Amino acid sequence: MRLDQALGLLEGRSDHGARWLRVRIRITRAWSELEADGIQPALRTLHAARAEALELDDPLLVALTHIQEGTLHGRVGAWPPCVEALLAVDVEGSGLEPAQRWAYHLNLGQAWLGVGRSEDAAENFDLARDIAVANGYPELEFKARHNRAVVAFVDGDLPRALTLMREADAMDVAVARDRARLDHAEVLLAAGLVDGARSELEAALSTAHSSAHRLEEGEISLRLARCDLLVGDLERARDRIRDATAAYRARQADDLVREAELLRAGVDVAEGRDLPAVVERLVRHTEHGAGEPGAPTLGTSGREAVRLEAEARLLLGDADGAEQRLEALGDGGEPSLAATLHEVLVRARLDLARGRGPQARARLEDGNRVLAAHQVQSASLDVRAALALHGRRLAALDTERALAEDPADEVLATVERWRAISHRINPVTDPDDPDLAEATRELRRLRQLLADSDGDQAATLTPRVDELETLVAQREWSLALDGTASGAVHPVDADEARAALDDGTTVVEFFESAGELHQVVLRASGAEVVHVGPVAAVVEAVTRLRRDLRARATIASGSPMAAVLERATVSSLAAADTLLNPGGADEHRVVVVPSRTLAGMPWSLMPSLRGRPVTVAPSLTRWVRGPAHAASARPTTPVAALYGPGLARTLPEIRAVAAAWGVAGEVDERPASSADVLDALGAARVVHLAAHGLHQGQSPLFSSVRMADGPVFAHEFPRPVAAEHVALSACDVGQFSTRPGDEPLGLAIALLSLGATSVLAAVAPVADDVAHDAMVAHHRRIAAGVDAGLAWAEVVVDHPGAGVFCLYGSEWRATP
194 MRLDQALGLL EGRSDHGARW LRVRIRITRA WSELEADGIQ PALRTLHAAR
244 AEALELDDPL LVALTHIQEG TLHGRVGAWP PCVEALLAVD VEGSGLEPAQ
294 RWAYHLNLGQ AWLGVGRSED AAENFDLARD IAVANGYPEL EFKARHNRAV
344 VAFVDGDLPR ALTLMREADA MDVAVARDRA RLDHAEVLLA AGLVDGARSE
394 LEAALSTAHS SAHRLEEGEI SLRLARCDLL VGDLERARDR IRDATAAYRA
444 RQADDLVREA ELLRAGVDVA EGRDLPAVVE RLVRHTEHGA GEPGAPTLGT
494 SGREAVRLEA EARLLLGDAD GAEQRLEALG DGGEPSLAAT LHEVLVRARL
544 DLARGRGPQA RARLEDGNRV LAAHQVQSAS LDVRAALALH GRRLAALDTE
594 RALAEDPADE VLATVERWRA ISHRINPVTD PDDPDLAEAT RELRRLRQLL
644 ADSDGDQAAT LTPRVDELET LVAQREWSLA LDGTASGAVH PVDADEARAA
694 LDDGTTVVEF FESAGELHQV VLRASGAEVV HVGPVAAVVE AVTRLRRDLR
744 ARATIASGSP MAAVLERATV SSLAAADTLL NPGGADEHRV VVVPSRTLAG
794 MPWSLMPSLR GRPVTVAPSL TRWVRGPAHA ASARPTTPVA ALYGPGLART
844 LPEIRAVAAA WGVAGEVDER PASSADVLDA LGAARVVHLA AHGLHQGQSP
894 LFSSVRMADG PVFAHEFPRP VAAEHVALSA CDVGQFSTRP GDEPLGLAIA
944 LLSLGATSVL AAVAPVADDV AHDAMVAHHR RIAAGVDAGL AWAEVVVDHP
994 GAGVFCLYGS EWRATP
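According to this note's numbering, the residues represented by the sequence shown are 194 to 1009, in order.
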């Protein structure tokens, strides 16, 4: 409105100053018109401004019209005309001021990214940064640095992208960060960190809506739809895409409309809906994008359309058409992990449709190696696990293929290929990040205050605790390796696994496929695949059992409800045991490799397993080979026994544990600090820790044990840990959350992934006296040379209530 008023004041004036000012106003007004009316009215205004600038023979004004035209095209995703407009600028001869030259290089860098030329983009972003630094423009330096991080993301270097974004965000400058938040969300989504991405996007959507920025609302909605598609929430993704498309059409942003339609096609293909129409739309999309000036024959969008079209044709049974379309992709590399794995998926589907089973298997193995190579780049346990989300569909197809071929050995090898890849990667070294350490210390202090606070104080502390958890998580996500670490270890096959078994050991590996739970039962004599039942029925049984266990633990022993809850628990255990049949025949020792549905099961309580040594492993590979070690972390002391505050029998417990190992005189009888715990894990061969525990289902690496100065978090553990056997005498910390891709995360599991051989931890609450008696008995047995699995089986026979503890990892005994 005010721009129109300004133009009205200049109406009829023909002097040079008025005409110059009119051009400048129109250049600015074009951006407002884009938001209000769409791209075409904005371009008409801009072209009128350029015509007058040419009449004035003013190179600066002409250059500014080209820069603004490039900006307009970029805003609606029309990158080739954006490049064309910006390359028309005479940078040296136009008299651009430093800030204007900065804007030119920043916009050109974004345009080069849009057409797939990341090296040119990086060069222009570096030039923009140098201009900002030389002229003391910190706000502009922030934007250039952030965009340089985007190039690292486009090039597939996620740890570097997160690091560069973090460094830019740490700059103390007053600058709007909405665009930076969107880019950060995109990197988090590429890393599989969907919850983190969704949080950033929801906040940005609220801001865009309150500012009535419809184009931004559409862009954010589309990115949220990608989150939904990645986790399989197809209906919600459709709603988001509908919102984005409406916003784009209202602004004549045709290229962005096509982007939304492409994502909608991805949802349709995932759901198998209206596939003939999907194929037609994708053909038109590809034809529109072919041969664009300054772009490869097929840009990123075009390649995605070809992959989706080929996948749709395969679902329709048109293998010939799919193969013909895939030829258009050629041998060019894909720009992202998700795109690379999608191409592997489609080509493997084609192989299977052509009856080329061995070729499909080899292709899927290659995809698995690509995924592992990306996981090993990160020093973050969270990112390593989250990245497996991108392999979810490949794992499902590979498992379906193996089940169709039927040999149990092949099924076992296939399930292992995709299970707990991050546990086959060498543990990472401790991060040299003082800011991360300081933030963690502050978080520990506030969590301690929060635990002891009343309602009013808790309301004050909680927002800051949440803020710090986000900060710590994001700094941890950006931790990268120095490039010297080796890749993932190849998974075991059936022959190697059988060689590790004795005649008295059975392995029961659970896996899920197409909504059904199966198990591979492996013995020295052979292997078989057993169908368990629908996953939904298993979820119901597990939920009932865990509810009864928790209720039983919270009822006083003298309560009239105690007997009722005991009967309910016995019934739930029997039902789960019958359904899962984890014991198989009467072999002595059982190794359980659970699927994601079975996380947190109390295996030692199962009637068929009572009295038998049971080891729970994140993967069969991990059980057979033990922990991976990038650098050997050798213990320097034999035993450490520590306890935290707030439990009645913990001091007597650690005294008895120390006595069992013959080190009673070396016990520090004060409650241990967080530093004491970390030192013990980095130095002692056996660590016993008695404390309150907490499993965080949504953020498993913030699971913790409470010490004198506050909680010790899983993400703080030494990398690698030296401790071989860790006994966690705490409630719930044996639970773990399993990400899609069967990547488990939790406090006990973190210890295994960082190098511990075995961990004893509870999956439910347990009474203090039960924990005390059982733990002391366990240490007496293992100190005498009994292996940990057999020792714990004997303990549970004598102390049935301790059956909620599970022994995780691999076989371990104190004597060589």
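Glycine included, each C-beta is placed from N, C-alpha and C at the ideal position. Computed from a predicted structure; not experimentally measured.
What separation, rounded to the nearest whole angstrom, lies between the Cα atoms of residue i and residue j?
i	j	result
T607	E702	12 Å
A792	H885	21 Å
E410	A453	13 Å
Q650	D659	15 Å
E721	A746	37 Å
L742	F346	46 Å
L947	T790	24 Å
R594	A707	12 Å
L1000	P795	10 Å
A470	I614	38 Å
H478	A521	14 Å
A211	E262	22 Å
R612	D962	37 Å
I413	L423	15 Å
A687	V786	14 Å
N300	A443	24 Å
N317	R268	18 Å
R698	L574	At residue 698 the sequence reads Thr, which differs from the Arg that was named. The straight-line gap from Cα to Cα measures roughly 31 Å.
G927	L381	28 Å
W213	E204	13 Å
R206	I220	18 Å
T950	A981	11 Å
L938	L887	14 Å
F929	I942	7 Å
L394	A223	27 Å
When we look at the beta-carbon of residue i and count the other beta-carbons within 10 Å, is it buried (16 or more) or exposed?
i	result
M754	exposed
A824	Caution is warranted here: a pLDDT of 47 is assigned to A824, below 50, making its placement in the model unreliable, and no coordinate value can be reported.
V255	buried
R466	exposed
S679	Low confidence applies to S679: its pLDDT is 49, below 50, so where it sits in the model is not reliable, and the reading given next is rough at best. With fewer than 16 other Cβ atoms within 10 Å, it is exposed.
E705	buried
P486	Bear in mind that a pLDDT of 39 at P486, under 50, signals an unreliable position, so the model cannot answer this.
A995	buried
D461	buried
V308	buried
T653	exposed
G837	buried
D925	buried
R891	Checking the sequence shown, residue 891 turns out to be Gln, not Arg. Flag for Q891 reads exposed.
R863	exposed
E502	buried
Beta strand (DSSP E) containing residue i: first to last residue?
i	result
S706	698 to 706
A901	From DSSP, A901 is part of no beta strand (DSSP E); its letter is neither H nor E.
V817	Careful: V817 lies outside any beta strand (DSSP E), inside the alpha helix (DSSP H) at 813 to 818.
At which residues does the alpha helix (DSSP H) containing residue i begin and terminate?
i	result
Y297	291 to 307
V731	728 to 747
L408	407 to 424
E762	The amino acid at residue 762 is misidentified as Glu; the sequence shows Thr. Where T762 is concerned, the enclosing alpha helix (DSSP H) stretches over 754 to 773.
T221	209 to 230
E516	512 to 519
G1002	Here G1002 belongs to no alpha helix (DSSP H); instead the beta strand (DSSP E) covers 998 to 1002.
P656	648 to 670
P835	It should be pointed out that residue 835 corresponds to Leu in this sequence rather than to Pro. That residue, L835, is in no alpha helix (DSSP H); its beta strand (DSSP E) goes 830 to 836.
Quick check: is the beta carbon of residue i nearer than 9 Å to any beta carbon in chain C?
i	result
L738	The structure shown contains no chain C, having only a single protein chain.
Since residue i and residue j are thought to touch, with beta carbons under 8 Å apart, how far apart are those beta carbons, to the nearest angstrom?
i	j	result
A693	V817	5 Å
V879	A907	Between A907 and V879 the Cβ distance is about 19 Å, and since that is not below 8 Å, they are no contact.
I232	L265	6 Å
L306	A314	4 Å
*Report yes or no: do the region 760 to 774 and the region 721 to 732 share at least 3 C-beta pairs separated by less than 8 Å?*
yes
*Would you call the region 328 to 344 and the region 549 to 559 touching, i.e. three or more CB-CB distances under 8 Å?*
no
*Stretch-stretch touch, CB-based, cutoff 8 Å, three pairs: the region 795 to 808 with the region 980 to 987*: yes
*Take every Cβ of the region 376 to 394, pair it with every Cβ of the region 568 to 582, and state whether three or more of those distances are shorter than 8 Å.*
yes
_I'd like to know if the region 580 to 592 and the region 562 to 570 are in contact, where contact means that at least 3 CB-CB pairs between them fall below 8 Å._
yes
*Using 8 Å as the threshold, is the region 392 to 411 in touch with the region 359 to 368, meaning 3 or more CB pairs across them?*
no
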